[in-house]
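Okay, so the sequence shown: first residue is 417 according to my numbering, each after it adds one.
Presented below is the structure to which this report refers.
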Amino acid sequence: MLVVDDHSIARNTVRELLKTHALPVCGEAEHGRQAVDQVKALDPDLVLLDINMPEMNGIQTAFEIRRIAPSTKILFLTVQECTPEAETAVRLLGAHGFVSKSCVGTDLIPKLKLLLDRE
């Protein structure tokens, strides 16, 4: 799994949560361009992707990831419960949903397990 968020505290929180559930993290990125490079280098099964980031937002990043690694699953992380951007990205980019950052502690692991069980 690749964790992409421009806030190091958010990345650390997600990484530690995944670690406690024995879900491996292969890398991290703090913006979209770095995420695209990491996807090319690491070929992760799944990318946890913040929507609001500098340089290249999550939707642009997801589009590029979809182009270079079409089988990589994408799960968006968002500050809001349900943004129009997240709904559009999920629908148009074939992303696998989104999780509100305020609910990461309760919603992320069940969502990931559901996605990973589909493999």
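Using N, Cα and C, we set each Cβ at its ideal position, and we do this for glycine too.
How should proline 409 be labelled, buried or exposed, when 16 other C-beta atoms within 10 angstroms of its C-beta is the threshold for buried? No answer is possible for residue 409: it lies beyond the span of the chain, which begins at 417 and ends at 535.
Is it the case that the Cβ atoms of isoleucine 490 and valine 463 are separated by a distance below 8 Å? On the sequence shown, residue 490 is found 74 positions in, with the first residue counted as 1. On the sequence shown, residue 463 is found 47 positions in, with the first residue counted as 1. Cβ atoms of isoleucine 490 and valine 463: closer than 8 Å.
With distances taken Cα to Cα, identify the nearest neighbour of valine 441 among Gly448, Leu433, His447. Translated into the one-based positions of the sequence shown, residue 441 becomes position 25. If we check each option's Cα against that of valine 441, Leu433 comes out closest.
Counting C-beta neighbours from all protein chains within 10 Å, is the total for aspartate 453 16 or more, i.e. buried, or is it exposed? Indexing the sequence shown from 1 puts residue 453 at position 37. Aspartate 453 is exposed by the Cβ-count criterion.
Mapping DSSP to helix, strand and coil, what is glutamate 503? Sequence index remark: in the sequence shown, residue 503 carries index 87 (1-based). Correct three-state label for glutamate 503: helix.
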